[in-house]
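S.K.: This is the structure I want to talk about, given as C-alpha cells.
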Amino acid sequence: MKTIVDWLIRRAQRTPYTDISSADGTDVYMGRWWLFNPYGKDATGERIPPRWSWLPSIRLHHILRPDADRHLHDHPWNARTVILHGWYIEERENGTYVRRAGDTAAIRFEQYHRIAQVSPGGVWTLFITWRYRGTWGFKVDGEKIPWRDYIAGRPTAQPVPAGDLQHLADKVIITNATGNERLFLDAVRELLAAVRAMRTLPRRDT
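End of the sequence shown = 208 in our numbering, gap-free, step of one.
Laid out in C-alpha cells, this is it:
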C-alpha cells in the first residue's frame, strides 16, 4: 500500500493544479495535483469543463490544516475521497467522523461538511469528482449561501498558482511514467482494492 501511495504522490506532483491558501494568504491550506481528466478555469475564474465530461476527474490533495470557516460547506459535484496517509476529523450535519488511512467516504452536492482537525503534517487523499452540478456554498441557518456571497465580508482564501496552467485544460493527463494509460488505470484499481483489503474499522461511508 505504501508503495502505491508513494507512486501516486510522485506521479501527481508532475501535474500541479492550484494550491489553496489560508484566508490571510500566508499559509497553504491545501496542495492539489491532477491525476486524471483535469478541468481548469478561464481568465474570469469560471470553470473550463474536462475533456471527457462523462468520466470522473481525479486529484491528489494534501490537506495541511482544518477549514477556517465555522459553517459547513458543500461541493459543486458528487465526489468520493480515499484517505491515503494521515487522518482528519470531519463534521457533517448528521454527526462527526474520524477518517483514517484506508477509509473512503462519499460527499454529494448539497451535502455539507467541514474538516475540523487534521493529523500532524497533514493528510493525503485521493479525491474523485463527477460532473458539475451547481455552485457550491455554505449552510447558514438552514439556507445555502453561495460561496462568493459568503466570503464577501471576510478575507478570501485565494488560489496560489502551483505551475503553468495555461494549457492544462487541453492536456490529456492520463499517462504514468511509461506513458501507458492502462497501467495507470490498473494502478488506481489496485489502490482501491488495497484500501478495501486493509480496512479493519466499521464502514464509515456516509
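C-beta atoms are modelled at their ideal positions from N, C-alpha and C, and glycine is treated no differently. Predicted model only: the values in this text are computed from it and were never measured.
1. When the distance is taken between beta carbons, is T17 closer than 8 Å to A81?
2. Would you identify the three-state DSSP class for L57, choosing helix, strand or coil?
3. Looking at D76: is its Cβ nearer than 8 Å to the Cβ of W9?
4. In whole angstroms, what is the alpha-carbon distance linking D172 and V125?
5. Going by alpha carbons, who is nearest to Y31 out of I11, A45, H63?
6. Check Y152 in the structure and name its three-state DSSP category.
7. Is it the case that the stretch 52-69 contacts the stretch 34-41, given that we only count it when at least three CB pairs across the two stretches are under 8 Å?
8. Tell me which residue opens and which closes the beta strand (DSSP E) that A81 is part of.
9. Output needed for Y90: all residues of its chain with C-beta closer than 6 Å, excluding positions within five of it in sequence on either side, in chain order.
10. With 16 as the cutoff for other CB atoms within 10 Å, does S55 come out buried or exposed?
11. Buried or exposed: which applies to A154, given that a residue is buried once 16 or more other Cβ atoms fall within 10 Å of its Cβ?
12. Once the 5 residues before and after G136 are set aside, which same chain residues still bring their CB inside 7 Å of it?
13. Please report the residue range of the beta strand (DSSP E) in which G115 lies.
M.R.: Per the coordinate set shown:
1. no
2. coil
3. no
4. Its pLDDT being 35, under 50, D172 is placed unreliably in this model, and the value from its coordinates should be taken loosely. Rounded to the nearest angstrom, the two C-alpha atoms are 30 Å apart.
5. H63
6. helix
7. yes
8. 79-87
9. R101, I117, V120, V125
10. exposed
11. exposed
12. P78, F111
13. According to the sequence provided, residue 115 is His. The question's Gly does not apply to it. Unbroken beta strand (DSSP E) run through H115: 115-120.
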